[in-house]
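Single-structure report; data block below.
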Amino acid sequence: MLDIDTIRNDFPILREKVYGKPLVYLDNAATTHKPQSVLDRVINHYSRQNSNCHRGAHFLSEQASAAYESARESVRSFINAQSPAEIIFTRGTTESINLVAESFGRKFVRADDEIIITQMEHHSNIVPWQRLCESRGARLKVLPMNKKGMLKLDRLSKLITENTKLLCVSYVSNTLGIVNPIREIIDLAHRYDVAVLVDAAQAVQHIPLDVQEMDCDFLAFSGHKMYAETGIGVLYGKQRWLEAMPPYQSGGGMIGNVGLRESTYAELPLKFEAGTANAAGAISLQAAIDYLQEIGLDAIVNYENELINRAVESIASLEGVIVYGDFPQRCGVVSFNLENAHPYDVGMILDKLAIAVRSGNHCAQPLMEHLGISGTVRISLALYNTPQEIDKLIAGVEKCRDMIGSRYVTTK
Ligand code: PLP
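So in our numbering, spot 331 of the sequence shown is number 315, and the numbers just go up one at a time.
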């Protein structure tokens, strides 16, 4: 059992009022709020040990470097990577995916090779692959979804050919909340010698991850979606891939020796971390991991599962509401529309009730096209949300329906 009152108390922003009302924050897939312990660790870093890491031999620089590397070790242990060399700090999921597209792409993708993505990806896991394929003369293939919002996995082995180099797939869809059967997908791809990149941006905060057990080749996530600061993220990569890949960006910190005509590069993981490191961000990520582990990941998973089931059942039971996706395992997210009401109108009315949701295409335009709509209202949960907040949402959606949708409602 989670002590939700205590947990909510850990997040100062949850005490803020919006239009004079208590905030109901249901936009956690966009970004989560930060507990006091994360904020304190960042302040402590800047107040007591701020210095450029891996640059100086003086006391503060050594402290900052040690703190940064200790954060890397926390991430390693959190996702059970084999070695800290496999943990690259980036700005977030987007940069992690761009790093692989640029570096793996430069080394391993040639004309007529193929990259496979899926129809449900976030734009961050689509556009870098389009650009790579364009620059290399490679082909982008798409694993489609069915009407229920599930990937058509029976098509995957037919899509793969001997030219397929990489499959890029999200663990959890940011729009539908479906949990893809990631082990099954990775096993299948590996049977054909295809490497797999997992976009875990919407999984890492809800599902315990074990990259060795998953056997993924790459995994990307963002700190700000798991209670840490913005501007910090992670790329996990199997060491043998990262060793073989060329640097992504170049400059200070990623070098061995620099001459005027040529240079050598640092060992992993620094080879991929050009420029001044975001030490405060990494430390905030470590603090967020500590926070989640102190509460207990199993307890969080159980609580969030109950909450999401309650949310989806209550929303689906409302007349005149369409819930998108029909699948066995859902995580964190519910997308819906009020019949004949624009999602932006629903979002705006909910906002006036101090309920923060997201309206729009959620950076997943191909998925919207598949659904035949331009957008949805999306709620996304975090460990500090409560059943009472779901009740407020339901009352809010009913109010929206009364205001803008009622004359169109068809009885189910
Ligand atoms: N992938 C998924 C599934 C996401 O939900 C998001 C953000 O919403 C991203 C990638 C991009 O994350 P970021 O903007 O933190 O880089």
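Glycine included, every Cβ here is placed at the ideal spot set by N, Cα and C.
In this text, all values refer to a predicted model and were calculated from it rather than measured experimentally.
query	result
Opposing strand residues paired with D386 [DSSP bridges]	Bridge partners of D386: none, in fact.
The stretch 295 to 312 contacting the stretch 48 to 66, beta-carbon criterion three pairs below 8 Å	no
Euclidean distance between Cα positions of D386 and A325	11 Å
Beta-carbon gap between Y155 and A187 smaller than 9 Å	yes
The ligand PLP site residues, beta-carbon cut 5 Å against heavy atoms	G76, T77, T78, H106, S108, S154, N158, D183, A185, Q186 and S206
Start and end residues, alpha helix (DSSP H) containing F43	F43 to I63
D426 classed as buried or exposed, judged by whether at least 16 other C-beta atoms fall within 10 angstroms	Any question about residue 426 goes unanswered here, given that the chain covers just -15 to 396.
Simplified DSSP state of S157, which is helix, strand or coil	coil
Helix, strand or coil at Y211 according to DSSP, with G and I counted as helix	coil
Own chain residues within Cβ distance below 8 Å of N64, not counting five before or after	L193, D194, V195, Q196 and E197
D(-6) vs Y368 beta-carbon contact at 9 Å	yes
Proximal residues to A179 (C-beta, below 6 Å), its chain only, five neighbours per side dropped	L150 and D201
Counterpart residues of S319 in DSSP-defined beta bridges	R362
G409 vs S206 beta-carbon contact at 9 Å	Residue 409 lies beyond the residue range present for the chain, which begins at -15 and ends at 396; the question has no answer from this structure.
Buried versus exposed, by CB contacts within 10 Å (16 or more), A283	exposed
Buried versus exposed call for S108 [16 or more other C-beta atoms within 10 Å across all chains shown]	buried
Alpha carbon of I110 to alpha carbon of A366, nearest angstrom	26 Å
Residue from I71, F43, G40 and H42 whose Cα sits closest to the Cα of S54	I71
CB contact below 9 Å: L(-2) versus chain B	Included in the structure is just one protein chain, with no chain B present.
Opposing strand residues paired with L124 [DSSP bridges]	I99
DSSP beta-bridge partners of T74	G217
As assigned by DSSP and simplified to three states, the class of M229	coil
Beta-carbon proximity list for D274, same chain, < 8 Å, skipping 5 on both sides	S21 and S58
C-beta atoms of L127 and I100 nearer than 9 Å	yes
Span separating the alpha-carbon of S319 from that of H38	44 Å
Pick from G4, L172, G316 and L355 that is closest to T16, judged by C-alpha positions	G316
Check whether F256 and S87 have beta carbons under 9 Å apart	yes
Option in S157, Y232 and R175 with minimal Cα separation from V182	S157
Inter-residue CB distance, E213 and A264 (contact presumed, cutoff 8 Å)	7 Å
Segment contact flag, the stretch 160 to 176 with the stretch 140 to 148, C-beta cutoff 8 Å, min 3 pairs	yes
Cβ neighbours of S268 in the same chain (closer than 6 Å, five flanking residues each side left out)	V22, V26, A212 and E213
Residues that L143 bridges to, as DSSP identifies them	DSSP lists no partner for L143.
Per-residue burial, Q189 [other beta carbons within 10 Å of its own, 16 or more giving buried]	buried
Cβ distance (whole Å) where G235 is taken to contact G259 below 8 Å	5 Å
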